[in-house]
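Colleague: Quick one: this structure, given as structure tokens, is what I'll be asking you about.
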Amino acid sequence: MIQWTQTSHMVDIDIEEKHVAAHGLLSLASEPILKTIIDSISDGILIIDAKGIVLYINQQGSQILSLDQFASIGRHISEILDFRPVILDVLEAGQGYLEKEFYLHSPSRGKMRFIKSAIVLRDRRGRLLGVIDTFRLVESMHI
Numbered sequence: 011m012i013q014w015t016q017t018s019h020m021v022d023i024d025i026e027e028k029h030v031a032a033h034g035l036l037s038l039a040s041e042p043i044l045k046t047i048i049d050s051i052s053d054g055i056l057i058i059d060a061k062g063i064v065l066y067i068n069q070q071g072s073q074i075l076s077l078d079q080f081a082s083i084g085r086h087i088s089e090i091l092d093f094r095p096v097i098l099d100v101l102e103a104g105q106g107y108l109e110k111e112f113y114l115h116s117p118s119r120g121k122m123r124f125i126k127s128a129i130v131l132r133d134r135r136g137r138l139l140g141v142i143d144t145f146r147l148v149e150s151m152h153i
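Be aware that the sequence shown starts at 11, since it is given in this note's numbering, and climbs by one per residue.
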């Protein structure tokens, strides 16, 4: 049985490590339904494993970051972006955050302002499985 509970910017997944290894993190939910939901969200969503490998990026996320959605999957996050991904800090610290503002500099796109949330995924023993990163690009408004 798989049980998801969300507390303190983290999702606890009540599964055995062998199930993750055998089936993969995303396949533990109904994958077509999960991907449809993720792709229908207007924020960018990026899911990485504990090693920084992209497990999934939704359509909006690939548009915001100017990435090929499917070519990004299976690659390390630092290989596909031309700026240092903030999500790597979450992997190192093991702590997420909600609705935090970031200014990032991309050599190809200049300065970008994001509102981001990062949810750390851990197994029942507390081991880090990955991170769900949600983000939206904030356009400057001049009034």
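Using N, Cα and C, we set each Cβ at its ideal position, and we do this for glycine too.
Report yes if the CB atom of ALA60 is closer than 7 angstroms to the CB atom of VAL100, and no otherwise.
Modeller: No, Cβ-Cβ distance for ALA60 and VAL100 is not below 7 angstroms.
Colleague: What residue does the alpha helix (DSSP H) around LEU99 start on, and which one ends it?
Modeller: Note on residue identity: the sequence assigns Asp, not Leu, to residue 99. Element bounds for ASP99: 97 to 103.
Colleague: For PHE80, is the classification buried or exposed, using 16 other Cβ atoms within 10 angstroms of its Cβ as the cut-off for buried?
Modeller: Counting Cβ neighbours within 10 Å, PHE80 comes out exposed, since fewer than 16 surround it.
Colleague: Closer than 6 angstroms to a non-hydrogen atom of the ligand FMN - does that hold for the CB of GLU102?
Modeller: In the structure on display, the ligand FMN does not appear, and there are no ligands present to speak of.
Colleague: Counting along the chain, where does the beta strand (DSSP E) carrying PHE145 start and finish?
Modeller: Unbroken beta strand (DSSP E) run through PHE145: 138 to 147.
Colleague: Apart from the five residues just before and just after PRO117, which ones in its own chain have a Cβ nearer than 7 angstroms to its Cβ?
Modeller: Only ASP92 meet the Cβ criterion.
Colleague: Where do the N-terminal and C-terminal ends of the beta strand (DSSP E) with GLY120 fall, by residue?
Modeller: Segment 120 to 132, the beta strand (DSSP E) holding GLY120.
Colleague: Note down the Cα distance separating SER82 from ILE67, rounded to an integer number of angstroms.
Modeller: Taking the straight line from one Cα to the other gives about 8 angstroms.
Colleague: Select from LEU56, ARG85, GLY62 the residue whose C-alpha is nearest the C-alpha of ILE74.
Modeller: Among LEU56, ARG85, GLY62, the Cα nearest to that of ILE74 belongs to LEU56.
Colleague: Grouping DSSP H, G and I as helix and E and B as strand, with all else coil, what is MET11?
Modeller: The pLDDT assigned to MET11 is 42, lower than 50, so where the model puts this residue is not dependable, and the model offers no usable value.
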